[in-house]
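Participant: Residue numbers (the numbering used here): 1 to 512.
Take this structure first; my questions come after.
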Ligand SMILES: [Zn+2]
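In structure tokens form, the structure reads like this:
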């Protein structure tokens, strides 16, 4: 195959091919239509989002032989030579390599000359924040009294480093990171046009790794194609990027939550044989915890998740999931301190495992099954004892904590306070800032639970108020704050932490 680097070959040749920057493209095209083009434009945004691409398209719009146009023809001599990078009146400068006063002076001295072939002389200065102070002053002089035939296009990843005097003379466009969907879409267009086969999974992994940069995505795509002879499979992309299949992280979370030490050990050994990037695996674990927590708190009917995640969200406490997330995130910081990344990772996983053990021992809710049995055994929630389970403002939060409900229903109940019961109607209150929790599924679920559970309740009405009484969520928040303080003191007595303190003569810094 006669091969040209994809990023270069597929650089957009018209505004309609630019991905993810509609807001900027629209503004530029409008100014071209109305022929009201500012003499200095500044494009900001992270790398690979299209700053210089848009700047070059703009240069084409100004110099197209068909006239100043929002849709340059792409065929005339000017358009073609701009695409090929040899248009006399488009002067591209990389401020990262030519940052000094002399370079800038040379550059700006030429501005007095009229364009050689085009309508406008266009200066495209990339990474403009790298110019020296003197160079900026020289640039400023030109921007203050720009010659008619000149346009300045400045691009930067760090606009905060540009002097305000220069900034104030530019029209500024903020380019956004490109979404994974938009990157995937563009890669599909390219691969289809190149007649290259691909697996969808491979594309979504690449777009995720590209982190909003189209250029990075296309160069990863290039690498992947070279890696596997112009076919794109998910497994090969995972291999190439040194990624670990998400299934490993999911299994680890499952084995931690199910307290299966045997399978957990096997999984850790299997993972090690893949020589993974342990930082990424911790990221994966944190992402999984986030997905589970999302399901537990928010309306799950709208999200598309794996069955395993749904199962975990139904069977484990939100506090535990939060803990796993927290340990995964915090352990990333510690990886570089650990004797090896593998050992650091293993300690993190063991800590998740151990924390769960202590959590369960103290709370005595090993699994929802046993938790349920416990409540039924010792508490007056069963049918036989209904006469004692009259709810009141006094025992409301205590009752909520024992209710066998989960997810959004539990969340709603935790945020409601007891108001009064009148004529078998239970009136609850919820603070207006929690009104979003009153999704139909949760309200219906809570109503039917309360009606079934308490004889005196035939109907439930939840009123949204500006203030709220005692809620379980409120009480737990106070408890959690106490827990954080306890955890901090636990951290200082953790033998591993103590070892680091001794070893490095360190002090423990508390973060909130
Ligand atoms: Zn043209």
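All C-beta atoms in this analysis are idealised placements derived from N, C-alpha and C, irrespective of residue type, glycine included.
Here the structure is a predicted model, which is why all the values come from computation and not from measurement.
With a threshold of 7 angstroms on Cβ separation, who are the neighbours of residue 64 within its own chain once the five nearest residues in sequence on each side are excluded?
Facilitator: Excluding sequence neighbours, residue 64 sits near 72, 73, 76, 78 and 79.
Participant: So what's residue 173 in DSSP terms, helix, strand or just coil?
Facilitator: Strand.
Participant: For residue 267 and residue 348, I'd like the C-alpha separation in whole angstroms.
Facilitator: Rounded to whole angstroms, residue 267 to residue 348 spans 14 angstroms at the Cα level.
Participant: So if I measure from each beta-carbon to every heavy atom of ligand 1 and keep distances below 7 angstroms, which residues remain?
Facilitator: Per the Cβ criterion, the list is 60, 64, 65, 66, 72, 73, 74, 75, 76, 78 and 79.
Participant: Where does residue 44 fall in DSSP's three states?
Facilitator: DSSP places residue 44 in strand when its eight states are reduced to three.
Participant: For residue 281, count the other beta carbons within 10 Å of its own beta carbon; 16 or more makes it buried, fewer makes it exposed. Which is it?
Facilitator: Buried, since its Cβ has 16 or more Cβ neighbours within 10 Å.
Participant: So, helix, strand or coil for residue 513, using DSSP?
Facilitator: The question about residue 513 has no answer, for the chain in this structure spans 1 to 512.
Participant: From the DSSP output, which residues share a beta bridge with residue 463?
Facilitator: According to DSSP, residue 463 bridges with 429.
Participant: Would you call residue 117 buried or exposed, if buried means 16 or more other Cβ atoms sit within 10 Å of its Cβ?
Facilitator: So residue 117 ends up on the exposed side.
Participant: In the DSSP assignment, find the beta strand (DSSP E) that holds residue 420 and state where it starts and stops.
Facilitator: Residues 416-422.
Participant: Which runs of the alpha helix (DSSP H) fall wholly inside the segment 219-261 and span at least 4 residues, in chain order?
Facilitator: For the segment 219-261, whole alpha helix (DSSP H) runs of length 4 or above, ordered along the chain, are 234-240 and 246-257.
Participant: In the DSSP assignment, what are the bridge partners of residue 198?
Facilitator: Its beta-bridge partners are 232.
Participant: Please report how far the alpha carbon of residue 52 lies from the alpha carbon of residue 58, in whole angstroms.
Facilitator: Computed Cα separation, rounded: 10 angstroms.
Participant: What is the residue span of the beta strand (DSSP E) that residue 291 lies within?
Facilitator: It is not in any beta strand (DSSP E) - residue 291 instead sits in the alpha helix (DSSP H) that spans 278-297.
Participant: Using 8 angstroms as the cut-off, can you tell me whether the segment 112-130 makes contact with the segment 13-29, which would need three or more C-beta pairs spanning the two stretches below that distance?
Facilitator: No: fewer than three Cβ pairs fall under 8 angstroms.
Participant: If you count every other CB in all the chains shown that lies within 10 Å of the CB of residue 339, and 16 or more means buried, which is it?
Facilitator: Label assigned to residue 339: exposed.
Participant: Would you check if there are 3 or more beta carbon pairs closer than 8 angstroms linking the segment 139-153 to the segment 180-188?
Facilitator: The segment 139-153 is not in contact with the segment 180-188.
Participant: If I follow the unbroken alpha helix (DSSP H) through residue 121, where does it start and stop?
Facilitator: Run containing residue 121: none in the alpha helix (DSSP H); it sits in the beta strand (DSSP E), 121-126.
Participant: Which value, in whole angstroms, describes the spacing of the CA atoms of residue 257 and residue 316?
Facilitator: Approximately 7 angstroms, taken between the alpha carbons.
Participant: Within its chain, find whatever has a CB closer than 6 angstroms to the CB of residue 431; leave out the 5 residues flanking it on each side and keep chain order.
Facilitator: Closer than 6 angstroms at the Cβ level, and outside the excluded window around residue 431, lie 468.
Participant: Give the DSSP-derived three-state secondary structure of residue 307 in the structure shown.
Facilitator: In this structure, residue 307 counts as helix in the three-state DSSP scheme.
Participant: What do you reckon, are the CB atoms on residue 199 and residue 233 nearer than 8 angstroms?
Facilitator: Contact flag set, yes.
Participant: Excluding the 5 residues flanking residue 191 on each side, which residues of the same chain have their C-beta closer than 6 angstroms to its C-beta?
Facilitator: Same-chain partners within the cutoff: 198.
Participant: For the candidate residues 475, 333, 407 and 311, whose alpha-carbon lies nearest to that of residue 437?
Facilitator: When each option's Cα is compared against that of residue 437, the closest is 407.
Participant: Classify residue 6 as helix, strand or coil using the three-state DSSP reduction.
Facilitator: Note: residue 6 maps to helix in three-state DSSP.
Participant: Measure the alpha-carbon distance for residue 253 versus residue 451 and round it to whole angstroms.
Facilitator: Cα to Cα, the separation comes out at about 36 angstroms.
Participant: Below 6 angstroms CB to CB, which residues in the same chain sit around residue 377 once its five sequence neighbours on both sides are set aside?
Facilitator: The pLDDT assigned to residue 377 is 31, lower than 50, so where the model puts this residue is not dependable; a value taken from the coordinates is nonetheless given after this. Closer than 6 angstroms at Cβ, skipping near neighbours: no residue.
Participant: DSSP on residue 581, reduced to helix/strand/coil?
Facilitator: Absent from the model: residue 581. The displayed extent of the chain is 1 to 512, so no value can be given.
Participant: Within 8 angstroms of any Cβ in chain D, is that where the Cβ of residue 310 sits?
Facilitator: Absent here is chain D; the protein component of the structure consists of one chain.
Participant: Thinking C-beta only, is residue 237 closer than 8 angstroms to residue 196?
Facilitator: No, they are not a contact pair.
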